[in-house]
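S.K.: Please read through the structure below; I'll follow up with questions.
Residue numbers (UniProt numbering): 1 to 418.
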């Protein structure tokens with residue numbers, strides 16, 4: 001009876017893989033040339049982004065004239081967005097309309113979400129099926145187990161082929177250039193907004209601001225995480241962030257000796273007499289506590305993202321909060337010139353090339369306290385999977401498999417080489 005069950009499982013898996021393969025190998029689309037529409041839409045998008053930057057600057061002030069300007073800029077911004085939507089509708093109509101994509105240059109929200117969902121479901125189904133096959137293998141005799149293990153290997157290989165095919169959709173669907181431009185546009189917009197927030201035109205003493213003490217009393221990653229939470233909240237309520245780091249355990253000279261200060265205009269000297277978080281709506285200077293101690297939690301706190309770019313982020317990225325956090329960290333961890341030079345020289349010296357897989361093995365104080373021990377071989381299984389899928393995605397490319405190994409345990413390096 002178990003043998004019948006095994007055959008049924010094999011048939012089910014084969015049909016599943018065949019069905020998904022047919023779906024994705026038949027996926028195709030016809031490119032369109034809409035250069036005039038593209039250029040106009042890109043121009044309008046840049047104008048909207050520029051206006052939003054100006055709005056962020058105006059909203060950070062308390063001048064009544066600034067508030068009038070905010071209203072005028074909002075009207076202009078809405079007019080441009082309406083024009084952009086009109087052009088997009090015209091472009092859809094020109095290309096036949098009614099489909100799931102807006103044009104070859106700009107995919108619809110539904111298309112991007114569905115594409116990512118299909119990959120996630122294929123990956124999760126692979127994990128589940130592999131686990132079930134391994135459980136069956138554990139119940140078989142040695143002779144049957146060897147045959148069944150071959151089935152598991154074949155299934156794993158077919159799953160990798162499927163994932164490679166799904167990922168290659170982004171290379172052939174005609175939207176990759178849009179994804180790159182959209183990411184660059186959003187990144188430029190966010191960095192400009194953060195710079196505007198942290199560089200108020202008025203003297204800092206005349207601007208409402210927040211303070212944050214990086215000395216949380218935990219590890220480096222934990223304290224940087226805390227600083228990121230503070231920056232997130234500062235952006236959400238439109239106040240520049242002032243970071244206190246005197247006596248920092250990772251550099252006694254403070255955060256600003258390693259990284260550029262979050263603000264050149266607002267320093268710790270303009271952050272005296274900070275009020276408690278409960279007065280954040282009215283007080284001039286407010287101290288942001290540990291995020292765990294903020295209650296009740298506000299809607300703008302992590303894991304929120306800026307509302308006005310949320311729709312663009314959801315279409316572009318599978319995890320908008322991760323993208324937004326990356327932008328906060330990109331600004332917060334800008335290296336001092338000496339550190340930037342050091343990293344650039346190190347980059348050149350190790351001849352960092354792609355493809356490469358980054359592996360972080362965390363041990364020491366974590367093992368036995370809040371994490372289990374994991375042998376390096378467990379990590380390398382994922383490295384192997386990456387390169388096999390990469391080869392299926394790029395069948396005509398010769399490459400060297402590289403691993404960038406970061407760890408706090410020196411013994412890991414010898415284990416990795418063996």
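Quick reminder that beta carbons are idealized off the backbone N, C-alpha and C, glycines included.
Measure the C-alpha to C-alpha separation of residue 27 and residue 173 and round it to an integer number of angstroms.
M.R.: Residue placement at residue 27 cannot be trusted, given a pLDDT of 46 that sits under 50; what the coordinates show is reported in the next sentence. Cα to Cα, residue 27 sits roughly 9 Å from residue 173.
S.K.: Is the beta carbon of residue 265 sitting closer than 7 Å to the one on residue 258?
M.R.: No, they are not a contact pair.
S.K.: When you compare the CB positions of residue 425 and residue 386, do they come within less than 7 Å of one another, or not?
M.R.: For residue 425 there is no data in the structure shown, the boundaries of the chain being 1 and 418.
S.K.: Are the region 359 to 374 and the region 318 to 336 touching, with three or more C-beta to C-beta distances below 8 Å?
M.R.: Segments in contact, no.
S.K.: In the structure shown, what three-state DSSP assignment does residue 242 receive?
M.R.: It is a strand residue.
S.K.: With respect to the alpha helix (DSSP H) encompassing residue 133, which residues constitute its N-terminal and C-terminal limits?
M.R.: First-last of the alpha helix (DSSP H) with residue 133: 109 to 137.
S.K.: Can residue 193 and residue 240 be called in contact, C-beta distance under 7 Å?
M.R.: No, these two residues do not count as a Cβ contact at 7 Å.
S.K.: Starting from the C-beta of residue 398, find all residues in its chain whose C-beta is less than 7 Å away, skip the five residues before and the five after it, and write them out in chain order.
M.R.: There are no such residues.
S.K.: When DSSP builds the beta bridges, which residues end up paired with residue 407?
M.R.: Note: residue 407 sits in a beta bridge opposite 361.
S.K.: May I have the straight-line CA-CA distance separating residue 52 from residue 184, to the nearest angstrom?
M.R.: About 16 Å.
S.K.: For residue 335, which of helix, strand or coil comes out of DSSP?
M.R.: Strand, per DSSP.
S.K.: Based on the DSSP output, what are the partners of residue 371 in its beta bridges?
M.R.: BP columns for residue 371 point to 367.
S.K.: Give me the residue from 261, 414 and 137 with the minimum Cα distance to residue 377.
M.R.: The candidate whose alpha carbon is nearest that of residue 377 is 414.
S.K.: Between the Cα of residue 308 and the Cα atoms of 285, 236, 365 and 337, which residue gives the shortest distance?
M.R.: For the residues 285, 236, 365 and 337, the minimum Cα distance to residue 308 belongs to 236.
S.K.: Under 8 Å: do the region 202 to 220 and the region 279 to 298 share three or more Cβ pairs, one atom per stretch?
M.R.: Verdict: yes, contact present.
S.K.: Answer with buried or exposed for residue 271, where buried requires no fewer than 16 other C-beta atoms within 10 angstroms of its C-beta.
M.R.: Residue 271 comes out buried.
S.K.: Measuring alpha carbon to alpha carbon, tell me which residue in 281, 333 and 238 is nearest residue 223.
M.R.: Selected option, being the one with the closest Cα: 333.
S.K.: From residue 33 to residue 44, what does the alpha carbon distance come to, in whole angstroms?
M.R.: Caution applies to residue 33, whose pLDDT of 48 falls short of 50 and renders its modelled position unreliable; the value that the coordinates give is listed next. C-alpha separation (whole angstroms): 19 Å.
S.K.: Along the chain, where does the beta strand (DSSP E) containing residue 154 start, and where does it finish?
M.R.: Note, residue 154: premise wrong, no beta strand (DSSP E); alpha helix (DSSP H) at 142 to 172.
S.K.: Can you round the beta-carbon distance between residue 215 and residue 247 to whole angstroms, since I take them to be within the 8 Å contact cut?
M.R.: Yes, residue 215 and residue 247 are in contact; Cβ-Cβ is about 7 Å, under 8 Å.
S.K.: Provide the residue(s) that pair with residue 251 in DSSP beta bridges, ordered along the chain.
M.R.: For residue 251, which the question treats as bridged, DSSP gives the partners 248.
S.K.: Is it the case that the Cβ atoms of residue 182 and residue 316 are separated by a distance below 7 Å?
M.R.: In contact: residue 182 and residue 316 (Cβ atoms closer than 7 Å).
S.K.: Contact check, residue 152 vs residue 126 under 8 Å by CB: the rounded distance?
M.R.: Incorrect: roughly 11 Å between the Cβ atoms, too far for contact.
S.K.: Can you pull the DSSP bridge partners for residue 213?
M.R.: Partner(s): 244.
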